[in-house]
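Protein sequences, first through last, are from chains A and B.
Mapping the first sequence onto numbering that gives the first Met the number 0, position 18 (from 1) lands on 17, and the numbers just tick up by one.
Mapping the second sequence onto numbering that gives the first Met the number 0, position 717 (from 1) lands on 716, and the numbers just tick up by one.
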Amino acid sequence: MRITCPCCGSRDRREFTYYGSDDYLRRPDADAAAQAWDDYLHNRDNPAGETRDLWYHDPCGTWVKVTRDTVTHAIHACEPVAGEAG
Amino acid sequence: MTQSHRIPGKGRIDRARPVRFTFDGRDYDGYHGDTLASALLANGVRLMGRSFKYHRPRGVMTAGSEEPNALVEVLEDGQHTPNVRATMQELFPGLHARSQNRWPSLSFDALAVNDRLSAFLSAGFYYKTFMWPPAWWEKIYEPLIRRAAGLGSLSGRHDEGRYEKAWAHCDLLVIGSGPAGLMAALTAARAGADVILAEEDREMGGRLLSDAPEIDGRKGDAWALAIVAELASMPNVRLMPRTTVTGAYDDGTYGALERVGLHVPTLADLPRECFWRIVAKRAILAAGALERPIAHPDNDRPGVMMASALRSYVRRWGVDPGRVVIFGNNDSALDAARTLTAEGVRILAYIDPRPVPPVEEFRVYQGDVVGTTGHLGLQTVRFRHRGGVSEIAAETLALAGGWNPTLHLACHMNTRPDWNEGIAAFVPRPDMVPGLAVAGAAANRFSTAACLADGAGAAAAALADLGLKAPDLPVPKAEDGVYAIAPLWSVEAPGRAWLDFANDVTTKDVELAAREGFASVEHMKRYTTQGMAPDQGKSSNVTALAVLAETTGQGIPTTGTTTFRPPFVPISIAALGAGGRGHGFAPERRTTSELASRRMGAPMIEAGLWFRPSYFPREGEATWRDSCDREVTLVRQAVGVCDVSTLGKIDVQGADAERFLDLVYSNTMSTLKPGRVRYGLMLREDGHVMDDGTCARLSERHFLITTTTAAAGPVMRHLDFVQQAFCGDWDVRLISVTEQWAQFALAGPRARDLLNTLLRDPVNAQGFPFMACSETRILGVLGRLFRISFSGELGYEVAVPARYGAALFDRLVAEAENLGGGAYGMEALNVLRIEKGFITHAEIHGRVTAFDIGMERMVAAGKDCIGKAASQRPGMIGPEREQLVGLMPLEGHASLTAGAHLYEEKAPATAANGQGYVTSVGYSPTLNSWLGLGFLKNGRARHGETVRLEDGLRKRKVQARVCDPVFFDRDGGRMRG
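Set out below in structure tokens:
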């Protein structure tokens, strides 16, 4: 498996650390309802098909949002996490 | 020994370089360029092994990596490598090989009695025969079967051989160097692409070396040699002979095994094997096709081999096969017979079930082979033909049952090939592996002309994908014959006919499996073990499933194939794990004080990837405890020095740095004044404690935070995530500076005296109070000074650029010794912090909350932080939770053990009665007692109670009193002084 680091280019997956779903990018407000925090922390889909998850490129410290297909293993997009939230 | 079966002047061997080797202890001669198999054949040795189950005498069947029979052990220096295919082992001077799975000798094998018992040893026999009594299975049946059935043996010693792993990157990976592969490589290379050409054989050329069809008026092997020479001269081409591509993986990654040093004596300074990971933008699979045998009675005698292998042994290695009978069902068999005759081989009979017009060179029979004789080697072939049944004496029977495209790699991503009636074989479908095209015989193109054109075409398509222009390269002229075949899987005749030679599976076994309900191909495989030997059924899978399809009447497309999985050939675990043994197992991080610590005799222990001194033994100290007790005491009474460089250090800068730190720490950092340090707690988003450390504000916009040694990496990753995910437009930057600074703790009542011997500007108690920090000149070097303490004593930490660390440590230890102190190690550091109730990751192990460790007030109100919401949810706080407590044995010298569980004094030790557990223990020379830290249900309300510590592993029970986790100097007067 190869992931394109926005900073360093195409790299083998051994250079990355997996975190989890890109749900982690949508952090609820501090005073959000318990259910919102529950969903954010624990409730995950396990799709057969397109999925978006977060990978850390250890050598350069860049977090990458990877859009990929769990059935075909195709990687559709690798975007920097930093560009998208703020 | 003379090479009795070598044809004078023939073969691609170097007759100027004779090579002496041994097989089963006997000396033989061969030539440079021989394989073990070709050299043995040239010496008239046809018997090379015994079969797996029936111990039948076996000889070489093939000339490649698909060899099922000729598996040997290669011996060297007391080591032996089992299951080496004699067809792949190149000859070198001093090669020692021996046959396997036989006793006492290859020609007389006691277990050959199994062959006579074959009626009882059919498919699945061990599921049926060895059922009762059940207790016998483990003790008697299984060991017996394991000894009787098997392949090579291991030396039982460590493999001291060198192995390598390596990466390669290219535009185009070409797998196989036959006509298709060579044309593909040449086309891409001339276009300027970075090309890797991988070939399993020692020599490039594929079947051209054995069959030598004419190409552009030249013999095929000569043509191949010229192309290889051109490729070798090009800087954008890497030729990788002796390299088998073993697997196709995601995104253009391929595994490949290179036999680097297996063809030379071990003295050579070469790794044995190298496992490559090749990343290719495009790849072309031009691996050719594998010829399959025909299942006829007694088709497994030494001397029976594939027609293609026979062609290789004659043309490449000049082996004289004696009198030959060919049994084939397709045009390539006839072509083999003709070519071999032209090479001077005596073909006594060509047998084919199809009507074949007679030819001049040899007798043609329409019929099939129904049996053979010859105990240790083929003597006669019996065959049916229109005139009846005949028997001829022959030394070699060549089988040509048709060709199976070598499409394994194309199926590695869980796609299945198509059945092609025309060639009675599976053929690849398009786009089975993204970026991989199949060309040549592997893609059902069997004439030389079609292979050449297909290779060029596949390369042109790859070049177009890569944005490169294909060169103007004419496709050479070559034969363009038709390959016609009449499928013949097994011959209807009495006797056992082998399908899988390696695992001793006959047509009867497959039929039996179907009768007993194992009619799916995956079930049949597991029931009969067909295809499960080291060769993975390369020459038997298609035939076996065809026999299964005939038995069930389902047809081959419905029956389907089993799954093709990597690796294509066996890979030694040593090659896959190359570099990962001993020091290669994990990176080793060394502090600047390590040499000095070792000089002082300190044993180094692992702390994460770091190595830290355990203790510093002095003369007269018998155990580590003696040293540890002394070091604790010298810190409490004088001054100790300890390297703390391994703690993670992260530099945080920017206008929004304080805002960022407020988000990642549970407590408030924005109120910290420049020149001050604050203890900080980090939570995970799920509300549990992640790490603790200090946060120093060096200036308004510049912070330096520390992490624990083991958590430095995960904390950095976490901070990067928070910053990139939630603070994208904030002015804050982070970087790890752990290795840039060497940092030492000075602890003890005389720490300030020690420090001031080194500082340009000495400090005093008021001017540089507890939790102060600043830059400082230490021995002329600009460094940093922190007044923090992990021992509970007056403490400082000094940091200097790492290159000064070794010198500073030496000086600190010398000055400390002048003051009655010295260096202290991890054991003493641990006791000192337990005395003070300071936590480490033994306590914050991932399941505790700030509440559990008594720090719930550090989750600041009035601001958000990572983990805050979750930390305040029901269940994360409350008396039912296990809380940090101190534990002191009722009898001071009773030792405590970490990992012990806590119970009420009289309660039985059951899970339901569990009250908590012990996390850290140590003997305190200060308090003259063992001390423990642990977690106890509602522990803070239970100080003064007695609990029982029970350690089931070490069989210990100790009564202890619950107390505050701070055992010593509870008001902190010593460290603030």
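The beta-carbon is built from N, C-alpha and C at its ideal position, and this holds for glycine as well.
All figures in this text were calculated on a predicted structure; none of them were measured in a lab.
Query                                                                                                                                   : Result
Proximal residues, the stretch 865-886 of chain B versus chain A, C-beta separation under 8 angstroms                                   : Lys-867, Ala-868, Ala-869, Arg-872
Neighbourhood of Ala-705(B) by C-beta distance below 7 angstroms, restricted to the same chain and skipping five residues each side     : The sequence shown places Thr at residue 705(B), not Ala. Answer for Thr-705(B): Leu-646, Gly-647, Lys-648, Gly-692, Thr-693, listed in chain order.
Cross-chain neighbours of Thr-667(B) in chain A, by beta carbon under 7 angstroms                                                       : In chain order: nothing, as chain A lies at least about 15 angstroms away.
Where His-407(B) sits in the DSSP three-state scheme                                                                                    : helix
CA nearest to the CA of Asp-950(B), picked from Arg-973(B), Leu-901(B), Asn-235(B)                                                      : Leu-901(B)
Outcome for Leu-952(B) when other beta-carbon atoms lying within 10 angstroms are tallied against a minimum of 16                       : exposed
CB contact flag (Arg-59(B), Ala-38(B), <8 angstroms)                                                                                    : It should be noted that the sequence gives Val, not Arg, for residue 59(B). No, the pair does not count as a contact, with Cβ atoms beyond the cut-off.
Inter-residue Cα distance where the pair is Gln-365(B) and Leu-396(B)                                                                   : 16 angstroms
Any C-beta of chain B under 8 angstroms from that of Gly-60(A)                                                                          : yes
Min CB distance Asp-28(B) to chain A below 8 angstroms                                                                                  : no
Reduced DSSP secondary structure (H/G/I, E/B, other) of Glu-949(B)                                                                      : strand
Partners in chain A for Arg-724(B), counting only beta-carbon separations shorter than 9 angstroms                                      : As written in the sequence, residue 724(B) is Ala, which differs from the Arg given in the question. Tyr-23, Leu-24, Arg-26, Leu-53, Trp-62, Val-80, Ala-81, Glu-83, Ala-84, listed in chain order.
Own chain residues within Cβ distance below 8 angstroms of Asp-330(B), not counting five before or after                                : Gly-480, Val-481, Tyr-482, Ala-483, Ile-484
Whole-angstrom distance between Val-797(B) and Lys-954(B), CA atom to CA atom                                                           : 44 angstroms
Within chain A, partners of Arg-19(B) - CB distance below 9 angstroms                                                                   : Residues of chain A passing the Cβ test: none, with the nearest at roughly 45 angstroms.
Inter-residue Cα distance where the pair is Leu-172(B) and Pro-427(B)                                                                   : 18 angstroms
Option in Ala-96(B), Gly-180(B), Gly-376(B), Val-388(B) with minimal Cα separation from Ala-282(B)                                      : Gly-180(B)
Simplified DSSP state of Gln-652(B), which is helix, strand or coil                                                                     : strand
Buried or exposed (CB count within 10 angstroms, at least 16 for buried), Val-232(B)                                                    : This sequence places Ser at residue 232(B); Val is not what is there. Exposed.
Ile-6(B) at chain A interface by Cβ criterion, 8 angstroms                                                                              : no
CB of Val-631(B) within 8 angstroms of CB of Ala-827(B), strictly                                                                       : yes
Three or more C-beta pairs below 8 angstroms linking the stretch 256-263 of chain B and the stretch 228-245 of chain B                  : yes
Residue closest to Gly-972(B), alpha-carbon to alpha-carbon, out of Glu-792(B), Pro-888(B), Gln-958(B)                                  : Glu-792(B)
Endpoints, the beta strand (DSSP E) within which Tyr-30(B) is located                                                                   : 25-31
For Gly-600(B), the nearest candidate out of Ala-197(B), Tyr-126(B), Gly-10(B), Ala-822(B) (CA to CA)                                   : Ala-822(B)
Interface flag, Cys-6(A) vs chain B, CB-CB below 8 angstroms                                                                            : no
Neighbour flag for His-75(A) against chain B, beta carbons, 8 angstroms                                                                 : no
Validate contact between the stretch 628-643 of chain B and the stretch 739-758 of chain B using beta carbons, cut 8 angstroms, 3 pairs : yes
Run of the beta strand (DSSP E) containing Asp-691(B), from where it starts to where it stops                                           : 688-698
Interface residues of chain B facing Thr-16(A) [CB-CB closer than 7 angstroms]                                                          : Arg-716
C-beta neighbour in chain B for Arg-43(A), strict 8 angstroms                                                                           : no
Within chain B, the residues that Ala-33(A) reaches when beta carbons sit closer than 8 angstroms                                       : Arg-872
Closest residue to Asp-26(B) among Ala-15(B), Arg-11(B), Gln-2(B), Arg-49(B) (Cα-Cα distance)                                           : Gln-2(B)
Beta-ladder partner(s) of Thr-909(B), from DSSP                                                                                         : Answer by DSSP bridge pairing: none, since Thr-909(B) is not bridged.
Nearest neighbour of Pro-673(B), chosen from Ala-771(B), His-687(B), Pro-612(B) [CA to CA]                                              : Ala-771(B)
Reduced DSSP secondary structure (H/G/I, E/B, other) of Leu-94(B)                                                                       : strand
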